[in-house]
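To start, the structure under review is shown below, and the notes come after it.
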Amino acid sequence: MDTTTLAAFLAVDLLLVFTPGADWAYAISAGLRDRSVVPAVAGLVAGYAGYTLLAAAGLVVIVASSPAVLTALTVAGAGYLVWLGWGVLRQPAVPGAAAEALGSSRLRIMARGAGTSGLNPKALLLYFSLFPQFVDTAAGWPVAAQTGLLGTLHMTVCALVYLLVGVLARTVLKARPSAARAVTRVSGAMMIAIGGLLLVERLAVV
């Protein structure tokens with residue numbers, strides 16, 4: 275793949291990743307609630323790693339072309355986001371408020387992150403609709419290798435942006451517990467709203 279194509283993909287990908295959504299909400303919540311935002315971001319990236327593997331194997335096309343599978347993913351993803359958002363609203367995070375050791379819960383934090391990105395059908399559509407526009411079937415590289423490279427770039431961008439979001443949320447709001455609590459509640463409400471919209475959108479299609 276030539277550098278021009280990669281630069282164009284990165285420009286579009288950055289615009290998408292910088293658009294606030296469920297991933298942002300989870301990163302902000304983790305930045306305020308957890309001692310480190312790394313496990314949460316690692317989970318988010320792991321969800322996209324799964325999509326990258328599916329895309330490289332050519333399975334994304336099969337999944338995206340099946341209305342039943344898309345509906346099931348949407349319902350599962352919407353329900354998961356609503357559940358996460360409700361949990362955040364019930365227990366708003368404040369920097370420094372959680373004193374428990376998080377070593378044993380890092381896997382749980384990662385799993386929630388992977389669920390947030392991995393169960394989001396918008397990610398499937400992103401891989402299905404965006405990636406093919408930058409894959410050159412006539413190039414010397416195999417399509418799977420090109421798809422894998424694009425997926426790796428997307429995961430790198432996500433990791434950097436979400437780490438920045440989580441760290442900024444902690445740093446800026448560290449001395450403002452009331453503001454941190456408000457931002458956390460907004461993040462939880464965003465998760466619930468996104469989950470509800472995804473559910474309504476898919477049910478309208480069905």
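Positions 275 to 480 (our numbering) are the ones given, in order, by the sequence shown.
We put the CB at the ideal spot given by N, CA and C, even for glycine.
Remember, predicted model here, so these are calculated numbers, not experimental data.
Exclusion of the five residues before and after Ala282 leaves Phe408 as the residues of its chain whose Cβ lies within less than 8 Å of its Cβ. Inclusion of Leu393 and Gly462 in the CB contact set at 9 Å is not warranted, their separation being larger than that value.
In this structure, the straight-line span from the alpha carbon of Met465 to that of Thr326 is close to 24 Å.
For the region 279-339, not one full-length beta strand (DSSP E) segment reaches 3 residues or more.
The Cβ neighbour count for Pro313, taken over all protein chains shown within 10 Å, is at least 16; the residue is labelled buried. With respect to the 9 Å criterion, Gly387 and Gly321 are classified as neighbours on the basis of their beta carbons. Between Gly359 and Ala456, the C-beta gap is not smaller than 9 Å, which leaves the two residues out of contact.
With respect to the 9 Å criterion, Val441 and Asp287 are not classified as neighbours on the basis of their beta carbons.
Excluding the 5 residues flanking it on each side, Ala419 has no same chain C-beta neighbour closer than 7 Å. Leaving aside the five residues that flank Val417 on each side, the residues in its chain whose CB is nearer than 7 Å to its CB run, in chain order, Val409 and Thr411. Judged by beta-carbon spacing, Leu318 lies within the 9 Å limit of Asp297, meaning their Cβ atoms are closer than that value. Here Ala453 has Leu447 as same chain residues with Cβ atoms under 6 Å from its own Cβ, once five neighbours each way along the sequence are excluded. Rounded to the nearest angstrom, the gap between the Cα atoms of Val474 and Leu355 is 14 Å.
When the beta-carbon positions are compared, Leu306 and Ala443 come within less than 9 Å of each other. Closest option to Gly470, judged by alpha-carbon separation, among Asp276, Trp357 and Gly324: Trp357. In the DSSP assignment, Ser391 falls within the unbroken alpha helix (DSSP H) covering Arg380 to Gly392. Scanning Gly332, Thr421, Val311 and Pro341 for the CA closest to the CA of Arg382 turns up Val311. His428 sits close to Val291, with the two beta carbons spaced by under 9 Å. Rounded to the nearest whole angstrom, the C-alpha separation of Val460 and Ala301 is 13 Å.
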